[in-house]
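Peer 1: Here the protein sequences line up with chains A and W, keeping their order.
Letter by letter, the first sequence follows residues 1 to 492 in this note's numbering.
Letter by letter, the second sequence follows residues 1 to 492 in this note's numbering.
By construction, the Cβ of each residue, glycine as well, lies at the ideal position given by its N, Cα and C atoms.
One structure, as structure tokens, below. Some questions next.
Number of protein chains: 2
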Amino acid sequence: MPKNILVYNSLSKQKELFKSLVPGKVGLYVCGPTLYGDIHIGNLRTILSFDMIYRFLLSQGYEVRYVRNITDAGHLVDENGQEHDRVSVHAKLNNVEPMELVKKYTVNFHHMLRVYNALEPNIEPTATGHIMEQLDIIRTIIKNGYAYEKNGSVYFDIHAFIKDHPYGTLSGRNIDDLLQETRELDGQDEKKFFADFSLWKSVGPDALQSWNTEFGPGGPGWHIECTAMSTKYLGQTFDIHGGGMDLKFPHHEAEIAQSLAFCGKSPANYWLHANMLTVNGDKMSRSKGTSIHPLEIIQGTTNVFEKPYEAMVVRFLMLQTHYASTLDLTEKGLQAAEKGYLRLREAYLALLSMSLDDSSDSPSAHQTEIEEALKNAELAMCDDFNSAKALSYLFELIPLINKAKHEGLVLSKSDIEALKVGFKWMLEDIFGLTFEAPQSDSLSKVIEMLIEMRHRARADKNFALSDSIRDNLKTVGILLKDGKQGTEWSIA
Amino acid sequence: MPKNILVYNSLSKQKELFKSLVPGKVGLYVCGPTLYGDIHIGNLRTILSFDMIYRFLLSQGYEVRYVRNITDAGHLVDENGQEHDRVSVHAKLNNVEPMELVKKYTVNFHHMLRVYNALEPNIEPTATGHIMEQLDIIRTIIKNGYAYEKNGSVYFDIHAFIKDHPYGTLSGRNIDDLLQETRELDGQDEKKFFADFSLWKSVGPDALQSWNTEFGPGGPGWHIECTAMSTKYLGQTFDIHGGGMDLKFPHHEAEIAQSLAFCGKSPANYWLHANMLTVNGDKMSRSKGTSIHPLEIIQGTTNVFEKPYEAMVVRFLMLQTHYASTLDLTEKGLQAAEKGYLRLREAYLALLSMSLDDSSDSPSAHQTEIEEALKNAELAMCDDFNSAKALSYLFELIPLINKAKHEGLVLSKSDIEALKVGFKWMLEDIFGLTFEAPQSDSLSKVIEMLIEMRHRARADKNFALSDSIRDNLKTVGILLKDGKQGTEWSIA
């Protein structure tokens, strides 16, 4: 039975009790990247925020259908008053077929997300994979009177729309202000009104991406793909729509308008937005070299930071800030996160190595302390996924673990079990953290561990076990040699 | 400057000198898998064969655009005289959305190919991503008089087609025999002739995959996707079309007919077919448990083989047989390949460890021997990608390397350089083999041994021991995961 979860809904601008449309199931749509290039660390923050939210919903027993799209067409960019498709623009620059560019950056994207231990979404649809679905919706919007065709392009008609529906609620745009704004329309004078947006964009005969329609050759506008794909895979109204804060306007506002124009329904009940990431207090910038690729931090090849940081340190750093707050990435912050992550790792690995044999059967003096902290961590997550607070409750338990490991504090069997289960659940399942052993030489670590096991077996006069460790190692070509300095090993 | 390459063209049934349409560039299309499930080791052989061919073309300086599709709709299967979409059938069985199924198996597929070190294609298009392109071609074929619509489905009209074009050349089907064949049409009596094939298939309102068209709701037939995608990314006629031998008829024959019917051109100049893989002399069979997943061989969880074999051993085994010959997978063959691969690895690692300091500056007695063998290996590859023969030339040099390593034979600087460059080029770049240092072998052996110890401990109900093995391994960063296929391990 899932616990009550409060979520901050960007649409109502308040925390609300989360209630899914179908009990036990959640439909989650998150706007993914436009893959004409590599994504930056700010985009990664959005994805890892929703990875954590997805994992928490799963941990509460929800069956989640998580849809995150890849934009491979339609993300228009304004150049000298003309809208161009970003993927096509970059494909032309690189002299490759657009889908070749997209394939390359999709491979990079997936690789990077594996490094950061993000779960795969259940469906990862693409804009080019849903041209027909987009056209079906565009035709319906035209039929409903909320879009118009001009020279082979189709535009959303803001003036017609606001006669029947609200516009601007999510982003807090005041529609009267918007209507009174006048703007030069430059080359875009096909539009009746500057804020009308493209649903379908006519292209010339030399366009790299083009589909044949009754409007003539063209390609989709950006916003319509998300409406088409979320509707197809999650229904006209679904539970949670997520994305980066920068997508609130115009992208998400356009999605809401499109859905209302198409079927009269608002697409999502809860809108969640991950906040922005800045670098040293500033917006990331390509020209300043602060538009950092997530792998550069690990490789230590940014122009901004002095040393490399592990992916899990970066993930830990992000978890230390609430997803809906801005996060400033600095060397100092990374160093502090590294220290915190290493402290956590040490305690967690120590906890995992604790044997129940050394524990007490008697009731524990620490039971309440442990239960309270673990419960509070979960409740913090139930309060709009407050991972920062949840982490702080886990950190409260670290001194206890360290005392048990190093200072002879005896915990009860049930304490150790509760700590192991609770930490694993929170750290690995929900936070998606992984904990590599500090030394990279796994083979020697494993053999040292076996030598230690063998010593203990001999001390317990369990010679069957100690001999079997030595003999088994020999069969795989590892020789143990007992000497004055202890046991040494070599590869035969 | 690329060398002359001879390829066996399945269309002309002879070896031909390869000449690309545009000098220095190659368009390569290979039929990929239908991802309603995991692929088997036979499918992998096809992919690794073309991976080797792709790598060899790159090594000759060609700029190759390699397109390999994923079929996520349209692969029809006949059930009681009715054609159904395989992806939809399996999605219904698993009670998931078709694209959820496809995503899951696409992730598996890519993971498996990384393990086997296959290069990514430049473009990996999907059938659902090209519905409009397929419809455009279908409309043109109807207009050209080679297809007819019946009850919302569109069929290719063999009788109309053969009035103007040849049919059956690739697969060697005799068209007169075909025409005289009579067959019960069962539920398929929409077709005028039993060998007419579906271009577009009407579906009912409860279909899991459906697109709206002027023919009514439906989905594509299988063959048309490859025509649409190869035309879009490589042009109406391109250089090389590859696939498994089992696709010759009807799939590839249909592709040729569709292209001729659509634009009057034959799609590919060279048709290359990777031959079948059998297991212990028989066709693979799900019911006999011989339909082996490529990862099962590595994990040692097949019902067929006694022990696990490394991915590179399997790759080596495949390279030892010409891609166009059948390959029978047996324990004996795998053992021999393992021995051969280990011998090669030992020599190659020895070669890489050779220092130029220990070499001689004087002219070498072995220069001709080395040059000849390396040249012959390359020429073998130029003769229809004869990797088996190329490998045998490299093996001729192994005694020389071993003598230099172990018996004090002094090679010249230029000999060592030539060997290093030649072996790396052939083994890593062209054959896609990787050579892990033997130490990590020891790690897996020790861990496999520990997994076995743990299984025995559990069988003996010695849970203290079995848990301590798991927990101790975790402290050194080795994670055990119990699953249906046994216990797997990974480095955290």
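Is Q258/W helix, strand or coil when you go by DSSP?
Peer 2: Three-state DSSP puts Q258/W in a helix.
Peer 1: Going by DSSP, what residue range makes up the beta strand (DSSP E) through F316/W?
Peer 2: Taken as a continuous stretch (DSSP letters only), F316/W belongs to no beta strand (DSSP E), being part of the alpha helix (DSSP H) at 311 to 319.
Peer 1: So is S20/W in contact with chain A if we call contact Cβ pairs under 8 Å?
Peer 2: Not closer than 8 Å to any Cβ of chain A, the Cβ of S20/W fails to qualify, so no.
Peer 1: In terms of alpha-carbon separation, which member of L178/A, Y270/A, L234/A, D282/A lies closest to K250/A?
Peer 2: Per the sequence presented here, residue 250/A reads as Pro, with Lys not at that position. Comparing Cα-Cα distances from P250/A to each of L178/A, Y270/A, L234/A, D282/A, the minimum goes to L178/A.
Peer 1: Residues of the region 90 to 104 of chain A with a CB closer than 9 Å to any CB of chain W: list them in chain order, please.
Peer 2: If the cut-off is 9 Å between Cβ atoms, the region 90 to 104 of chain A has V96, E97, M99, E100, V102, K103, K104 near chain W.
Peer 1: Report all residues from its chain with a CB closer than 8 Å to the CB of Q299/A; omit the five preceding and five following residues, and keep chain order.
Peer 2: Closer than 8 Å at Cβ, skipping near neighbours: P308.
Peer 1: Using only alpha-carbon positions, find the residue among K413/W, R55/W, V115/W, D85/W that is nearest to E310/W.
Peer 2: The candidate whose alpha carbon is nearest that of E310/W is V115/W.
Peer 1: With A127/A as the anchor, note down where its beta strand (DSSP E) starts and where it stops.
Peer 2: Here A127/A belongs to no beta strand (DSSP E), and DSSP marks it neither H nor E.
Peer 1: By Cβ distance below 8 Å, which residues in the same chain neighbour S440/A in space, the five residues on each side in sequence not counted?
Peer 2: Model confidence at S440/A stands at a pLDDT of 48, short of 50, so the residue's coordinates are unreliable; what they give is reported in the following sentence. Hits under 8 Å: none found.
Peer 1: Which first and last residues belong to the alpha helix (DSSP H) in which K232/W is found?
Peer 2: Taken as a continuous stretch (DSSP letters only), the alpha helix (DSSP H) holding K232/W covers 222 to 234.
Peer 1: To the nearest whole angstrom, what separates the beta carbons of L352/W and K420/W, a pair I think is in contact under 8 Å?
Peer 2: At roughly 7 Å, the Cβ-Cβ gap stays under 8 Å, so L352/W and K420/W are in contact.
Peer 1: In chain W, which residues lie less than 8 Å from G129/A when you measure between Cβ atoms?
Peer 2: Going along chain W in sequence order, the residues near G129/A (Cβ under 8 Å) are T126, T128, G129.
Peer 1: Within 10 angstroms of its Cβ, does E100/A collect 16 or more other Cβ (buried), or is it exposed?
Peer 2: Classification for E100/A: buried.
Peer 1: So which residues of chain W does D574/A contact, with C-beta pairs closer than 8 Å?
Peer 2: Outside the displayed span of chain A (1 to 492) sits residue 574/A, for which this structure offers no information.
Peer 1: Please state whether DSSP places A73/A in a helix, a strand or coil.
Peer 2: Coil, per DSSP.
Peer 1: Could you work out which residue in F18/A, M276/A, N303/A, F156/A is closest to R286/A when comparing CA atoms only?
Peer 2: If we check each option's Cα against that of R286/A, N303/A comes out closest.
Peer 1: Return yes when the Cβ of G152/A is within less than 8 Å of the Cβ of M215/A, no when it is not.
Peer 2: First, the amino acid is wrong: residue 215/A is Phe here, not Met. Yes, Cβ-Cβ distance for F215/A and G152/A is below 8 Å.
Peer 1: Going by alpha carbons, who is nearest to K339/A out of L329/A, K104/A, F316/A, H322/A?
Peer 2: Of the listed residues, the one whose Cα sits closest to K339/A is F316/A.
Peer 1: In the DSSP assignment, what residue or residues form a beta bridge with G244/W?
Peer 2: Beta-bridge pairing links G244/W to A274/W.
Peer 1: Pull up the distance between the alpha-carbon of A254/W and that of T237/W, whole angstroms please.
Peer 2: Their backbone Cα atoms lie some 15 Å apart in a straight line.
Peer 1: What in chain W is Cβ-close to N212/A, meaning under 8 Å?
Peer 2: Neighbours of N212/A on chain W, chain order: M132, D136.
Peer 1: State the start and end residues of the unbroken alpha helix (DSSP H) segment that holds I162/A.
Peer 2: I162/A -> alpha helix (DSSP H) spans 158 to 162.
Peer 1: So D206/A contacts chain W; which residues on that side make the cut at Cβ distance below 8 Å?
Peer 2: Going along chain W, no residue has its Cβ under 8 Å from D206/A, so there is no contact; the nearest lies around 16 Å.
Peer 1: According to DSSP, is D85/W part of a helix, a strand, or is it coil?
Peer 2: Looking at D85/W - three-state DSSP - the assignment turns out to be strand.
Peer 1: So E133/A and I142/A are in contact, right, with Cβ under 8 Å, and what is the actual spacing, rounded?
Peer 2: About 15 Å; that fails the 8 Å criterion.
Peer 1: Could you pull out every residue in the same chain whose Cβ sits closer than 8 Å to the Cβ of L6/W, ignoring the five residues on either side in sequence?
Peer 2: Here the set comprises K15, E16, L17, F18, C382, D383, D384.
Peer 1: Quick check on the DSSP output: the beta strand (DSSP E) that includes N9/A runs from which residue to which?
Peer 2: Start and end: 6 to 9.
Peer 1: What did DSSP end up calling Y148/W once you bin it into helix, strand or coil?
Peer 2: Strand at Y148/W.
Peer 1: Run through chain W and tell me which residues come within less than 9 Å of Y233/A, C-beta to C-beta.
Peer 2: In chain order: E97, M99, E100.
Peer 1: Using only the alpha-carbon positions, how far apart do D72/W and A127/A sit?
Peer 2: Each residue's Cα considered, the two are about 16 Å apart.
Peer 1: Take every Cβ of the region 388 to 402 of chain A, pair it with every Cβ of the region 58 to 76 of chain A, and state whether three or more of those distances are shorter than 8 Å.
Peer 2: Segments in contact, no.
Peer 1: Check for me: the beta strand (DSSP E) holding G486/W runs from which residue to which?
Peer 2: Note, G486/W: beta strand (DSSP E), 486 to 491.
Peer 1: Output yes if chain W places a C-beta closer than 8 Å to the C-beta of S442/A; else output no.
Peer 2: S442/A counts as touching chain W.
Peer 1: Which residues bound the beta strand (DSSP E) around G27/A?
Peer 2: 25 to 30 is the span of the beta strand (DSSP E), which, as asked, contains G27/A.
Peer 1: Based on DSSP bridge pairs, tell me the residues matched to K425/A.
Peer 2: Here residue 425/A turns out to be Trp, not Lys, going by the sequence shown. According to DSSP, W425/A bridges with nothing at all.
Peer 1: Please compile the residues from chain A whose C-beta is within a distance smaller than 9 Å of the C-beta of S88/W.
Peer 2: None at all; the shortest Cβ gap to chain A is about 15 Å.
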